[in-house]
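What follows is one structure encoded as structure tokens, with my remarks underneath.
Residue numbers (this note's numbering): 1 to 188.
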């Protein structure tokens, strides 16, 4: 089951990237189990990556899950941040720097994990860093509506991280049932 899930997730990522006009062959990919840390090329259009790729991944996973009637469904957590990354020598185990740490911490945030429980029909739990939210989502260039994002904070290893979870099921940007459980984070 794990092997099939990995193959299906790879297919979903490839299909979503193609729909968004992105070439995953140009991404630096550090694979770990059932996930990957991807560093996109410097010239990647972050507005497209966030506003087109993320919704395309939701659609592709929804179609795969409908088609295969799988149980449990294939669902994914997706996090975005941008910043400086060190690659190549002297780094030998993958990208280093603050950006990979921030995106990894946001991906592991309890509120993001809870999102998939609170929103059982969603196939992708998307979070963006506060920087990406301000510069990309709030700019108006991104296809995703700022009112559909919710601010969260998580503390991991004594450091606080701030991000925004995308929740398109949120009625007009207003709170729904389960909202308080989603926003709390007891991690220390």
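Glycine included, every Cβ here is placed at the ideal spot set by N, Cα and C.
Span separating the alpha-carbon of residue i from that of residue j
i, j, result
"residue 34", "residue 140", "33 Å"
"residue 37", "residue 47", "19 Å"
"residue 68", "residue 54", "21 Å"
"residue 106", "residue 40", "18 Å"
"residue 72", "residue 100", "29 Å"
"residue 149", "residue 78", "14 Å"
"residue 11", "residue 32", "16 Å"
"residue 42", "residue 2", "33 Å"
"residue 117", "residue 156", "21 Å"
"residue 7", "residue 28", "19 Å"
"residue 66", "residue 13", "17 Å"
"residue 85", "residue 146", "27 Å"
"residue 98", "residue 136", "19 Å"
"residue 18", "residue 76", "18 Å"
"residue 26", "residue 169", "33 Å"
"residue 194", "residue 102", "Because the chain here runs from 1 to 188, residue 194 falls outside it and cannot be looked at."
"residue 81", "residue 121", "25 Å"
Cross-strand partners of residue i (DSSP beta bridge)
i, result
"residue 36", "31"
"residue 78", "126"
"residue 165", "127, 150"
Test item: CB-CB of residue i and residue j under 8 Å
i, j, result
"residue 162", "residue 125", "no"
"residue 143", "residue 60", "no"
"residue 164", "residue 133", "yes"
"residue 167", "residue 110", "no"
"residue 74", "residue 64", "yes"
"residue 22", "residue 49", "yes"
Opening and closing residue of the alpha helix (DSSP H) in which residue i lies
i, result
"residue 66", "54-68"
"residue 15", "2-19"
In the stretch 87-162, which residue ranges form an unbroken beta strand (DSSP E) of at least 3 residues, counting only runs that do not cross its ends? 124-129, 149-156
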